[in-house]
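Enquirer: I have a structure here, written as structure tokens, and I will follow up with some questions on it.
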Amino acid sequence: MQNGRIINKSKFIYLIILLFFVPSVLLGQDWVERSKAFKTISISAHYLQNSNRNMFHNYWKPANGIDLNGESEFYFGKIELGTQIFSVKARKIEQPDFVAVNMYIGWGLDYKILSKLDIYSGFQVSNYYMNFDDDKIDVNLKSESEFSFGLKTGLKYNIGKSLFVDVSGYYQVIYTYHRIELLYISVGLGKTFETPKWLREFLN
Amino acid sequence: MKRFLFILFIILFCSSISKTEIITRDDIQQAGLLRLSDIFLLIDDWDYTTIDGITYQASPLGLNSYQHQDWKIFLNRIPIDIDIFGVKALDRIPVDLSQISLIRIYTEPMIYAGQKTTGGVINIYTKSFKPGFKANFRTGFGNETGDPGPYFYTDQSSPNIDKLGNIIAGGISNYKDSSYIGISYKREIGYPTDQAMFNRNNAIAGGYYPRQKLEAVCLEQARYYSDFFISNIFGISDFEDFYYLRQYGGEIPVKSRLVYFGSTGYIKYFYGRLIRYRFSYSANKPDYRNNSLNLDLNWKQETVRANIEADIGKGRATGIIGLWLNHFAVHSYYLPGENHITEATAYSALNFWFFKNLESNLGLIINFRKNESGFLARYKALYRFSKNKLLSFVLSYDKTLPEESKSIWYWQKQGYSFLEENGVFYNITGNLKSSNKFTAKVTFGHGIPKRHELEIYAYFRSFSNIYCEGQFLVSDQYYSAPNNLIVNTDCSGQIVGVAVKEKIKLPNKIRIDFFVRYQQSLNNETLFEETWSSVPKFRLSTTIYWNQLENYSFSSRIRYQGKTKWVDYDNTDNAINGIHNVIGVDPFVSIDLTAQKYFNNRKIRTSFSIRNLLNNKIEYHPIGAQFDLSYFAQIEFLLN
Chain F
32 MQNGRIINKS KFIYLIILLF FVPSVLLGQD WVERSKAFKT ISISAHYLQN
82 SNRNMFHNYW KPANGIDLNG ESEFYFGKIE LGTQIFSVKA RKIEQPDFVA
132 VNMYIGWGLD YKILSKLDIY SGFQVSNYYM NFDDDKIDVN LKSESEFSFG
182 LKTGLKYNIG KSLFVDVSGY YQVIYTYHRI ELLYISVGLG KTFETPKWLR
232 EFLN
Chain A
196 MKRFLFILFI ILFCSSISKT EIITRDDIQQ AGLLRLSDIF LLIDDWDYTT
246 IDGITYQASP LGLNSYQHQD WKIFLNRIPI DIDIFGVKAL DRIPVDLSQI
296 SLIRIYTEPM IYAGQKTTGG VINIYTKSFK PGFKANFRTG FGNETGDPGP
346 YFYTDQSSPN IDKLGNIIAG GISNYKDSSY IGISYKREIG YPTDQAMFNR
396 NNAIAGGYYP RQKLEAVCLE QARYYSDFFI SNIFGISDFE DFYYLRQYGG
446 EIPVKSRLVY FGSTGYIKYF YGRLIRYRFS YSANKPDYRN NSLNLDLNWK
496 QETVRANIEA DIGKGRATGI IGLWLNHFAV HSYYLPGENH ITEATAYSAL
546 NFWFFKNLES NLGLIINFRK NESGFLARYK ALYRFSKNKL LSFVLSYDKT
596 LPEESKSIWY WQKQGYSFLE ENGVFYNITG NLKSSNKFTA KVTFGHGIPK
646 RHELEIYAYF RSFSNIYCEG QFLVSDQYYS APNNLIVNTD CSGQIVGVAV
696 KEKIKLPNKI RIDFFVRYQQ SLNNETLFEE TWSSVPKFRL STTIYWNQLE
746 NYSFSSRIRY QGKTKWVDYD NTDNAINGIH NVIGVDPFVS IDLTAQKYFN
796 NRKIRTSFSI RNLLNNKIEY HPIGAQFDLS YFAQIEFLLN
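Sequence lines, in order, name chains F and A. Position in the first sequence (first residue = 1) + 31 = this note's numbering. Position in the second sequence (first residue = 1) + 195 = this note's numbering.
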């Protein structure tokens, strides 16, 4: 546990840099493109496959899930909002199955590496909600929410003007007492369109 | 005219540099504060502690957070008395954060709104007189990490961590034709998230799930006329809580109601000079809340204050003169003897500018009760030795009557009978008498308007005949209980400290606030030394606000606090593995982050905060409550 804490601290130092200092320095520059924010919106759906194994998987099977994601250009980089839903099955009868709903907000950067291919990296903070499926569980303990932090990187291939497919890796830490660390492979399909005027005004 | 502008400049300049700390509505929102009590997170030169992250005990300028909660609270410069058993739970003030326009914090001994304030001032301004109808509604929650999650159902299970709580609040107001009216409501629920705290509360809760619950409503009215102004505020708050009653050595479940009425106004009488009045009525009624300690706190504390004040002087010498009548009463069957005291205070404060660069302020307040009298004399000199540099010097001497600290009056005169009935034996050394406090503070200030403010100050405070308590506690599995209380009425000691405070405004709307302080007690008696060991010697904090884009803001606060010690637990005969009774609190670093975003032409405001980002061990006396990484979210709907 001590080692875990130390590792988490070093991760958090990177998080501070990511979350505040770098954006504030970068955004402090005049080259922030104010006119770009929320110009377009991309909506995508992804299939997620859990691919790592650790203590959590001694009790629950690797879960697959879906991710509904909305993404838009920001003053610098991109901002995203989304929900992931997982159905987690227990290995033994002593543990309940549960449904997890992860509602997140994230920020990241993408770079064009080929004419139709982008690489994307970013982070997410989220609320990881768990609803346990067992009638014997006390109603006060039947659901629980926990803070979660994730890192994401992937490739996006643009098909035509607005459609795209992407494949990405997603690493998530859920801040339960014993941290739950999950690694997902994700594939998805999405569409980009110009933000309606009323929505852009609302968001700005 | 030139002289008037010069004086005005000096006043504004001095106000901005050395007299007061200001927390604006923007600061509150950018820091993602959820509750009124969260403002302590933004006050640099006050020490604070908490048992539950909701109720704080605090003290300014090196005073002790536990022994004397002598700071005073004002709403629009009208006193509001919320003290119950030495605990000031700020959330009980029936005003929501969203109704606040500005908070002014004072640390030095001074005469504030005619009141003697040796232990600091928090003044909350509620109204903003912008014409038109306004409405707002906000809701938010806090959650601490470290839940067992699904592992609860495994052999890796750990205790459940509750939510920190949630809040719902809103208000409507209208300002038209010089007339203002507003009404607001707030509801807060909180839970003890620390396992030790939960166990302690659960052990005494008498069968219900331990939690705090607050509901408050507030009604305000104000009107300007051509030559006079009148403003009234009325509020009620109900609070269910576990108060840390120091004399009892632990928490007690308390249900309390605050009923408050405040009124102020002025009339112009001569060349623009004003005569002001202030009136306040505060009734605190702690009541029975189910508990296994079999405590019945059937008390009612009433405070009535009335004031008349007039501007005096002319030209280079201006000031105020006034009179307060303060009446304190306690109704309880525990108080068989005298149940009320009345105090009259007369005061005057003068500003004079006999030399171009030297401003002087002389204040004197004398309070009388029967054959006794106390006073506070204060002199402040402020020398401006260049366009941007100032040197100020404050000297104050305070003779305090025992009755002025109401919590002492309750306990000393009659209230200990309540403790004795509940198994606390006490031993008072000496007779309760007037105490004396001397404060000297010297400040160097440097300021470039809108760019840079630097304040370096050193202070010396001397106390004699003050009231100190030491305790012997016994513990069972979950709860520490008092056994023997030692009261020393002749406690004396000195403290000395130095601090640096800096505000830097960078281009691109980045503001950096920096604070560092070191404090040391000097050649003191053992009890003074021991009780002051709960105040950290070294503290450092940095807050960064970034506000470049119109509808976004980010803030980051880094805080370091040196080690402290809670000496009462030295005497505990059966400490429980240091879990529930923490003698020493280790130094800690905390980092808080907040992001805020407005939507829909600033009609919707959202914020997300993370506190204790590094998930460090952050502990507070006296329980040793720990708060892990926590996150807070809120959304506010605004109609202007």
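Cβ coordinates follow ideal geometry from the N, Cα and C atoms, glycine included.
1) Let's see if you can read the secondary structure: which residues bound the beta strand (DSSP E) around residue 384/A?
2) Compare the C-beta of residue 289/A with all C-beta atoms of chain F and state if any pair is closer than 8 angstroms.
3) Near residue 251/A, which residues of its chain fall below 6 angstroms by C-beta distance, leaving aside the five closest residues on each side in sequence?
4) Residues of chain F with CB under 7 angstroms from residue 420/A, in chain order?
5) Pick out the complete beta strand (DSSP E) segments inside the stretch 148–183 of chain F, 3 residues or longer, and give them in chain order.
6) Mind checking if residue 114/F is an interface residue toward chain A, Cβ cutoff 8 angstroms exclusive?
7) Checking contacts by CB at 8 angstroms: is residue 72/F closer than that to chain A?
8) In this structure, what does DSSP give as the bridge partners for residue 481/A?
9) For residue 18/F, decide whether its Cβ has a neighbour in chain A, counting only Cβ atoms nearer than 8 angstroms.
10) Restricting to Cα atoms, I'd like to know which of 444/A, 576/A, 371/A and 623/A is closest to residue 591/A.
11) Can you give me the start and stop residues for the alpha helix (DSSP H) that residue 822/A sits inside?
12) May I have the straight-line CA-CA distance separating residue 97/F from residue 105/F, to the nearest angstrom?
13) Check the Cβ of residue 342/A against every Cβ in chain F and list those closer than 7 angstroms, keeping chain order.
14) For the beta strand (DSSP E) containing residue 538/A, list its first residue and its last residue.
15) Measuring only between beta-carbons, confirm whether residue 129/F sits less than 8 angstroms from chain A.
16) Any beta-carbon of chain F closer than 8 angstroms to the one on residue 832/A?
17) Under 7 angstroms between beta-carbons, which chain A residues line up against residue 9/F? List them in chain order, please.
18) Determine, using beta-carbon pairs with one atom in the stretch 312–319 of chain A and one in the stretch 172–180 of chain F, whether at least three such pairs fall under 8 angstroms.
19) Any beta carbon from chain A within less than 8 angstroms of residue 230/F's own beta carbon?
20) If we call anything under 8 angstroms between Cβ atoms a contact, is residue 100/F one with residue 108/F?
21) Nearest to residue 392/A by CA position, among 826/A, 521/A, 815/A and 266/A, is which residue?
22) Would you mind telling me which residues of chain A sit closer than 9 angstroms to residue 211/F, beta carbon to beta carbon, in chain order?
23) Pull up the distance between the alpha-carbon of residue 264/A and that of residue 368/A, whole angstroms please.
24) Just how far apart, CA to CA, sit residue 588/A and residue 710/A?
25) Could one say the Cβ of residue 349/A lies closer than 8 angstroms to chain F's Cβ atoms, at least one of them?
26) Are the stretch 158–175 of chain F and the stretch 187–201 of chain F touching by the rule of at least three beta carbon pairs closer than 8 angstroms?
27) Per DSSP, which residues does residue 367/A bridge with? Please list them.
28) Among 130/F, 94/F, 235/F and 142/F, which one has its Cα closest to the Cα of residue 160/F?
29) Which residue's Cα is closest to the Cα of residue 458/A: 541/A, 512/A and 275/A?
30) Residue 818/A by DSSP, collapsed to three states: which one?
31) Check whether the Cβ of residue 842/A lies closer than 8 angstroms to any Cβ atom in chain F.
32) Check whether chain A comes within 8 angstroms of residue 243/F, counting only Cβ atoms and requiring the distance to be less than that.
33) Along chain F, in chain order, which residues have C-beta atoms closer than 7 angstroms to that of residue 826/A?
34) Identify the contact partners of residue 90/F in chain A, using a Cβ-Cβ distance below 9 angstroms as the criterion.
35) Any contact between the stretch 220–232 of chain F and the stretch 354–362 of chain A? By contact I mean 3 or more CB pairs, one from each, below 8 angstroms.
36) Going straight from the alpha carbon of residue 693/A to that of residue 162/F, what length do you get?
Expert: In this structure, then:
1) If you look at residue 384/A, you'll find it in the beta strand (DSSP E) that goes 374–385.
2) For residue 289/A, the answer is no, since every Cβ of chain F falls outside 8 angstroms of its Cβ.
3) Short of 6 angstroms from the beta carbon of residue 251/A, and not among the five residues preceding or following it, lie these beta carbons of its own chain, in chain order: 232, 235, 243 and 245.
4) Correct list: empty, because the minimum Cβ distance to chain F is about 42 angstroms.
5) Counting only runs of 3 or more, we get 148–164.
6) Chain A contact via Cβ: absent.
7) No, residue 72/F lies away from the interface with chain A (no Cβ there is under 8 angstroms from its Cβ).
8) Residue pairing of residue 481/A in beta bridges, as defined by DSSP: 451/A.
9) Outside the displayed span of chain F (32 to 235) sits residue 18/F, for which this structure offers no information.
10) Minimum Cα-Cα distance from residue 591/A among the listed residues 444/A, 576/A, 371/A and 623/A corresponds to 576/A.
11) Where residue 822/A is concerned, there is no enclosing alpha helix (DSSP H), because DSSP gives it neither an H nor an E.
12) Rounded to whole angstroms, the gap between the alpha carbons of residue 97/F and residue 105/F is 25 angstroms.
13) 175, 177, 207 and 208, listed in chain order.
14) Looking at the DSSP string, the run of the beta strand (DSSP E) that includes residue 538/A is 535–550.
15) For residue 129/F, the answer is yes, since a Cβ of chain A falls inside 8 angstroms of its Cβ.
16) False, the Cβ-Cβ gap to chain F never drops below 8 angstroms.
17) Any property of residue 9/F remains undetermined from this structure, which presents chain F solely from 32 to 235.
18) Three or more beta-carbon pairs separated by less than 8 angstroms are not found between the stretch 312–319 of chain A and the stretch 172–180 of chain F, which leaves the two stretches without contact.
19) No, residue 230/F lies away from the interface with chain A (no Cβ there is under 8 angstroms from its Cβ).
20) Against a cut-off of 8 angstroms, the Cβ pair of residue 108/F and residue 100/F comes out as no contact.
21) Minimum Cα distance to residue 392/A is reached at 815/A.
22) Ordered by position in chain A, the residues that pass the 9 angstroms Cβ test against residue 211/F are 344, 345 and 346.
23) The alpha-carbon atoms of residue 264/A and residue 368/A are separated by roughly 34 angstroms.
24) Answer to the nearest angstrom: the Cα atoms are 20 angstroms apart.
25) With 8 angstroms as the cut-off, residue 349/A counts as an interface residue toward chain F.
26) A contact between stretches requires three or more CB pairs, one per stretch, nearer than 8 angstroms, and the stretch 158–175 of chain F fails this requirement with the stretch 187–201 of chain F.
27) DSSP lists 330/A and 378/A as the bridge partner or partners of residue 367/A.
28) The shortest C-alpha separation from residue 160/F is found at 130/F.
29) Out of 541/A, 512/A and 275/A, 275/A has the C-alpha closest to the C-alpha of residue 458/A.
30) If DSSP states are grouped into helix, strand and coil, residue 818/A belongs with coil.
31) Missing from the structure shown is residue 842/A; chain A here goes from 196 to 835 and no further.
32) Residue 243/F is absent from the model: chain F starts at 32 and stops at 235.
33) Simply 178.
34) Per Cβ cutoff of 9 angstroms: 345, 346, 348, 349 and 351.
35) Counting Cβ pairs under 8 angstroms, fewer than three are found: no touch.
36) Straight across, the Cα-Cα distance linking residue 693/A with residue 162/F is about 53 angstroms.
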